[in-house]
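Numbering (the numbering used here), first residue to last: 385 to 781.
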């Protein structure tokens, strides 16, 4: 047996293998612009198997076919037309050679593939296979689109439950008509899907499309989203405006506070400098012995004592202010007589006022006025009032 040949089992098997040769059918339409090649399988799909040449098959098929030209596929037996029709009738030019060339140009050197062509505005899909033992032969089968649609219909109906309430999946043929639906009976403008994609070269112009069950729902969602975004933008703009106002207000407050602190330091420096100057001046006079009069010496000592008390009060004010700013100020609340506190503080502050040319009169009731408070804090309040009166008095003293 020669290489590349199969062992035939019987004469019947050889003849069955011979019938598996494919014939090229050329369908010629109204014009010559399109030639469609169609391969038809003589035996059923259950009898298809890779073809191998055998002597018995060659012998059984010799009288039924012409020799296969090199590089082509089997040609059908030519029919003598000279005996048919009126005398002188012209015989049509055979298109087998051109069809074979087109077919082999389409399939190239591939061993299998798919061809899709339109014949009489109808899609025909052919699956072909070339056996390795004889590349000159090609087996093929035509796809029945109705069976394909019948097989795909269950797949479309297996749509995810989460999506079934919103969309309908559809298989559209080459005329943009639905042939399979996930929701049977659904109607829509089929040429205007929500989204669509072509299947591929095997089924040209066939698409898988998605349609919205409620097209207005998308509009409502977009409107709701628009309102939500508008509200968020409005809130954001409002927040930016309020934040800017708060920042400016806080900046102004900080500037005011800084200015107040500067004024406070300046005032404290001036207030501290005044009693220190008086204390230094009278101390130098007494120390150098320039004042020999006993009355003047006592007066100078009184001034020094008063300025020292004033300096002490100023320092206490600064310390109290610092404690209040830090939140560390503590008060010792107890029952005390406000009248007695005011009288003692006024008498203590009297020499200082009289030394500066003021006439000081203190009128307080004789009866006691008991309150629950901090004695030192109340005395400081009286001192601050007297100090402000001294500071902001004009020529009237």
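For every residue, glycine included, the Cβ atom is placed at its ideal position computed from N, Cα and C.
Everything numeric in this text was worked out from a predicted model, so none of it was measured.
Going by the CB atoms, is the gap between residue 687 and residue 739 shorter than 8 Å? Yes, Cβ-Cβ distance for residue 739 and residue 687 is below 8 Å.
Going straight from the alpha carbon of residue 524 to that of residue 583, what length do you get? Distance between the alpha carbons of residue 524 and residue 583 is about 22 Å.
By alpha-carbon positions, which one of 493, 691, 732 ends up nearest to residue 519? It is 493.
Can you tell me the Cβ-Cβ gap for residue 748 and residue 719, rounded? I've got them flagged as a contact below 8 Å. Rounded, the Cβ-Cβ distance is 18 Å, inconsistent with contact.
May I have the straight-line CA-CA distance separating residue 537 from residue 601, to the nearest angstrom? About 27 Å.
Length-filtered (4 minimum) alpha helix (DSSP H) runs lying within the stretch 566-622: If you keep only unbroken alpha helix (DSSP H) runs of at least 4 residues inside the stretch 566-622, you get nothing at all.
Three-state secondary structure assigned by DSSP to residue 501: In this structure, residue 501 counts as strand in the three-state DSSP scheme.
What three-state label does DSSP hand residue 542 in the structure shown? Note: residue 542 maps to coil in three-state DSSP.
From this set, 693, 760, 568, which residue's C-alpha is nearest residue 726's C-alpha? Put simply, of 693, 760, 568 the residue whose alpha carbon is nearest the alpha carbon of residue 726 is 760.
Kindly give me the distance between the Cβ atoms of residue 496 and residue 512, rounded to whole angstroms, as I take these residues to be in contact under 8 Å. Contact flag correct, Cβ pair sits at about 7 Å.
Would you please state the rounded distance, in angstroms, between the beta carbons of residue 593 and residue 568? I believe it to be under 8 Å. At roughly 16 Å, the Cβ-Cβ gap does not stay under 8 Å, so residue 593 and residue 568 are not in contact.
Alpha carbon to alpha carbon, how far is residue 695 from residue 660? Give it in angstroms, no decimals. In a straight line, the C-alpha of residue 660 is about 8 Å away from that of residue 695.
Whole-angstrom distance between residue 572 and residue 421, CA atom to CA atom: Because residue 421 carries a pLDDT of 36, less than 50, the predicted location of this residue cannot be relied on, and the following value inherits that uncertainty. Using only the alpha carbons, I get a separation of about 37 Å.
Taking all protein chains shown into account, do 16 or more other C-beta atoms lie within 10 angstroms of the C-beta of residue 429, making it buried, or fewer, making it exposed? Here residue 429 scores only 39 on pLDDT, less than 50, and its place in the model should not be relied on; the value that follows carries that caveat. Exposed, since its Cβ has fewer than 16 Cβ neighbours within 10 Å.
Which residue's Cα is closest to the Cα of residue 565: 586, 541, 557? For the residues 586, 541, 557, the minimum Cα distance to residue 565 belongs to 541.
Closest by C-alpha distance to residue 765, when choosing among 704, 642, 776, 745: Taking only the C-alpha atoms, the option nearest residue 765 is 704.
So, helix, strand or coil for residue 659, using DSSP? Residue state for residue 659 is assigned as helix, using DSSP reduced to three classes.
So, with DSSP's three-state summary, where would you put residue 752? The DSSP-derived three-state label of residue 752 is coil.
Please specify which runs of the beta strand (DSSP E), each continuous and at least 3 residues long, are wholly inside the stretch 679-745, giving them in chain order. DSSP runs (the beta strand (DSSP E)) wholly in the stretch 679-745: 718-721.
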